[in-house]
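The sequence shown begins at 64 in the working numbering and counts up one residue at a time.
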Amino acid sequence: MGKWQHRDEGKRISKSVIANKTLEELVDAKKFLKGLLDLRKSEKLTKTYIEGTKNAIAYNEKDKVFVDFRFDGTATGRLSCAAYNAQKTMGVSFHTLPRETKNNIRSLFKAPGDWAFIAADYAAMELRVLSHIAREGNMQIAFNEGADLHTYTAKLLFNKENITKQERQIAKTVSFLIVYGGGAFNLSETMSIPIRRAEKIIKDYENVYPGIFEYMEFVNNFIKQNGYAYTIFGRRRNLPDVYSGDRAVVNRALRQGLNFTIQSSASDILLASLLGASRRFKKANLQARPVATVHDSIEIVCPKEEVKETLTILYDEMVNYPTIKNIFNIYFDIPLSIDAEVGSSFGDGEAVEFREGVPVL
64 MGKWQHRDEG KRISKSVIAN KTLEELVDAK KFLKGLLDLR KSEKLTKTYI
114 EGTKNAIAYN EKDKVFVDFR FDGTATGRLS CAAYNAQKTM GVSFHTLPRE
164 TKNNIRSLFK APGDWAFIAA DYAAMELRVL SHIAREGNMQ IAFNEGADLH
214 TYTAKLLFNK ENITKQERQI AKTVSFLIVY GGGAFNLSET MSIPIRRAEK
264 IIKDYENVYP GIFEYMEFVN NFIKQNGYAY TIFGRRRNLP DVYSGDRAVV
314 NRALRQGLNF TIQSSASDIL LASLLGASRR FKKANLQARP VATVHDSIEI
364 VCPKEEVKET LTILYDEMVN YPTIKNIFNI YFDIPLSIDA EVGSSFGDGE
414 AVEFREGVPV L
């Protein structure tokens, strides 16, 4: 063996010491990586939002940010939001502002003077829309009884009363995956579960909510025959790719069509409610005015003394939807629900409770 036969018998390092040393290094590495990720996130927030806002204020010579909302900016009919002028560094998109407790960038956007910032967000809007247009009775029961949908789904899915957090999360994940064209592979990857278990869960989900799968089949067949999808409000989206010879392109068009029937309907409900509320604010001589929509929520600023009346009108338009009933003659099979917050900025709102449509402030 030559020189390899020699070894120092003076000191030996035990395996446990080496293991502990490795663990300490891993802990230090984790701390470093977490700090690095936090730094990069802060840099992105600064560059994307803070610098953009500062440039917009300097450009406009006002302490306000102006944004451009467009009806034709998305294929689903949702409003798109971008900087008011053509220069990307001028302004900020409300739709992309992250909502975080730490580094709450939204709190930088404040209501003027003695005004308040109101945010009213539809609860589980897209799944409510789906349960209505698919006429899915089991899902409608959950909404009509005021149950937590994902817990309710998990109980049916796993056939037991006591549900774990993971099981509720699986139920929530599969609901959105199914709606937007995901499958067993996506569920397996997202929830870190075996593919066979994911396949069984999706099969069981079909047994729990058969109406959803029947609706999906109806939409797919309609798109293949007609080349477009439509919503309960009559909005259409042409989908010429459904006639492609490429199967992947066809499947993408079918997913887009199904997605459109749900997202666009949810968007039109929001916009109709916003229109109705805005008209009623003016009729009541309120100074309240909308400043943004973000996904399924409406953002409004108003004088603090008008908060109660503003919220009462907003609640009625969003939950009882009189404008939709009067203009479109649409009545939903499930109740609509909102979560509202009031604060001094876009990011510091406190939850508001409603009793019989009146805010408790």
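Ideal placement from N, C-alpha and C gives every residue a C-beta, glycine not left out. For clarity, every value in this text was computed on a predicted model and none was experimentally measured.
Item: Quick check on this structure: which residue in HIS195, GLY176, PHE129 has the alpha carbon closest to the alpha carbon of GLY406?; Value: GLY176
Item: Using beta-carbon positions only, say whether SER328 and THR294 come within less than 9 Å of one another.; Value: yes
Item: Quick one, are the C-beta atoms of ALA340 and LEU377 less than 9 Å apart?; Value: yes
Item: Between the alpha carbons of GLU419 and ALA335, how many angstroms are there, rounded?; Value: 22 Å
Item: To the nearest angstrom, how far is it from the Cα of SER408 to the Cα of GLU230?; Value: 36 Å
Item: Confirm, please, whether the CB-CB distance from VAL423 to LEU321 is below 9 Å.; Value: no
Item: Hey, how far is the Cα of LYS127 from the Cα of ILE120?; Value: 6 Å
Item: In terms of residues, what are the limits of the alpha helix (DSSP H) holding ARG259?; Value: 258-271
Item: Going by C-alpha distance, which of ARG169, ALA234, ARG141, GLY136 is nearest THR116?; Value: ARG169
Item: Got a sec? Which residues, its chain only, sit under 7 Å from ALA183 by beta carbon, not counting five neighbours each side?; Value: SER360, ILE361, LEU377, MET381, ILE401, ALA403
Item: Return yes when the Cβ of LEU212 is within less than 9 Å of the Cβ of ASP267, no when it is not.; Value: no
Item: Count the other C-beta atoms from every protein chain shown that fall within 10 angstroms of the C-beta of ILE387, then say buried if there are 16 or more, exposed otherwise.; Value: buried
Item: Going by DSSP in three states, VAL242 sits in which element: helix, strand or coil?; Value: helix
Item: Evaluate PHE206 with the Cβ neighbour count: other Cβ atoms within 10 Å of its Cβ, from every protein chain shown; 16 or more gives buried, anything less gives exposed.; Value: buried
Item: Mind listing, in chain order, the continuous alpha helix (DSSP H) runs of no fewer than 4 residues lying wholly within the segment 361-401?; Value: 370-378, 385-391
Item: Shorter than 8 Å, the distance from the beta carbon of ASN222 to the closest heavy atom of the ligand MN, or not?; Value: Although the ligand MN was asked about, the structure shown includes no ligands whatsoever.
Item: For ALA217, which of helix, strand or coil comes out of DSSP?; Value: helix
Item: Pick out the complete alpha helix (DSSP H) segments inside the segment 159-217, 4 residues or longer, and give them in chain order.; Value: 188-196, 200-207
Item: Whole angstroms is fine: what's the gap from MET202's alpha carbon to VAL282's?; Value: 19 Å
Item: Between the C-alpha atoms of ASN289 and VAL192, what's the straight-line distance to the nearest angstrom?; Value: 23 Å
Item: Using the Cα positions of GLY246 and GLU106, report the straight-line distance between them to the nearest angstrom.; Value: 36 Å
Item: Whole angstroms are fine: how far does the CA of LEU160 sit from the CA of HIS195?; Value: 31 Å
Item: Taking the alpha helix (DSSP H) that ARG342 belongs to, which residues open and close that run?; Value: 310-346
Item: State the start and end residues of the unbroken beta strand (DSSP E) segment that holds ALA138.; Value: ALA138 -> no beta strand (DSSP E), and no H or E assigned at all.
Item: Determine the extent of the beta strand (DSSP E) in which PHE417 is found, giving its start and end residues.; Value: 413-418
Item: Which residues in the same chain as PHE391 place their Cβ atom closer than 7 Å to its Cβ, once the five residues preceding and following it in sequence are excluded?; Value: PHE296
Item: Can you tell me which residues form a DSSP beta bridge with ARG352?; Value: VAL364
Item: In the DSSP output, what is GLY406 paired with across the bridge?; Value: PHE180
Item: Does DSSP put SER255 in a helix, a strand or coil?; Value: coil
Item: The beta strand (DSSP E) with VAL421 in it runs from where to where?; Value: 421-423
Item: Give the secondary structure of ASN249 by DSSP, where H, G and I count as helix, E and B as strand, and everything else as coil.; Value: helix
Item: Exposed or buried, THR324, counting other C-beta atoms within 10 Å across all chains shown (16 or more means buried)?; Value: buried
Item: Do you know offhand how far ILE113's Cα is from GLY209's?; Value: 40 Å
Item: So what does DSSP say about LYS101, is it helix, strand or coil?; Value: Correcting the residue identity first, residue 101 is Asp in this sequence and not Lys. Here ASP101 sits in helix by DSSP.
Item: So for ASP304, helix, strand or coil by DSSP?; Value: helix
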